[in-house]
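*Asks:*
Numbering (the UniProt record's numbering), first residue to last: 1 to 136.
1) CB-CB under 7 angstroms to residue 37, same chain, minus the five flanking residues each way: which ones, in chain order?
2) Which of the three DSSP states, helix, strand or coil, is assigned to residue 120?
3) Once DSSP output is grouped into helix, strand and coil, what is the label at residue 105?
4) What are the boundary residues of the alpha helix (DSSP H) that residue 29 is part of?
5) Using 8 angstroms as the cut-off, can you tell me whether the segment 116-126 makes contact with the segment 84-97, which would need three or more C-beta pairs spanning the two stretches below that distance?
6) Tell me where the alpha helix (DSSP H) around residue 59 begins and ends.
7) According to DSSP, is residue 1 helix, strand or coil?
8) To the nearest angstrom, report how far apart residue 30 and residue 20 are at their CA atoms.
9) Could you tell me the distance, in whole angstroms, from the CA atom of residue 107 to the CA atom of residue 99?
10) Which of helix, strand or coil does DSSP assign to residue 20?
11) Measure how close the beta-carbons of residue 32 and residue 50 come, nearest whole angstrom, since I'm counting them as under 8 angstroms.
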């Protein structure tokens, strides 16, 4: 159950309408999903959240959009966010993630989750070869 109520007519607020219009234009769809509808309870939070998500997920970068969605889904699984897991796996499929890639994705997530918990519990020291060098 939600902890806030989505506004009945969110686009009555011009700030919300501007964000929703940008979401539609950026994504090329009229669909505004629940995350944005519920964040509209606080227009400022909606604006800053959309700006950050847009800058990371909708701006061309070194990572392919499908890979970004798969990474977002993996972090969402690790953080226990069911909504984000579903929405970003759907986005990855829409960007071409195949059934074989999805199977590999879950094998990697499962393996990482298991070994992360084991190594955290065992407190295994990081090998010097894996330490990030400080750049001057």
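In this text, a Cβ means the ideal position worked out from N, Cα and C, and glycines have one as well. Owing to the predicted nature of the structure, the values given are computational and were not obtained by experimental measurement.
*Replies:* Taking the structure as given:
1) Answer for residue 37: 6 and 10, listed in chain order.
2) Correct three-state label for residue 120: helix.
3) If DSSP states are grouped into helix, strand and coil, residue 105 belongs with the helices.
4) No alpha helix (DSSP H) holds residue 29; DSSP gives it neither H nor E.
5) Contact fails between the segment 116-126 and the segment 84-97, because fewer than three Cβ pairs, one in each stretch, are under 8 angstroms apart.
6) For residue 59, no alpha helix (DSSP H) segment is defined, and its DSSP state is neither H nor E.
7) Residue 1 falls in the coil class under three-state DSSP.
8) Here the C-alpha atom of residue 30 lies approximately 9 angstroms from the C-alpha atom of residue 20.
9) Across the structure, residue 107 and residue 99 are spaced so that their CA atoms are roughly 12 angstroms apart.
10) Three-state DSSP puts residue 20 in a helix.
11) Contact doesn't hold; Cβ gap of about 11 angstroms is too wide.
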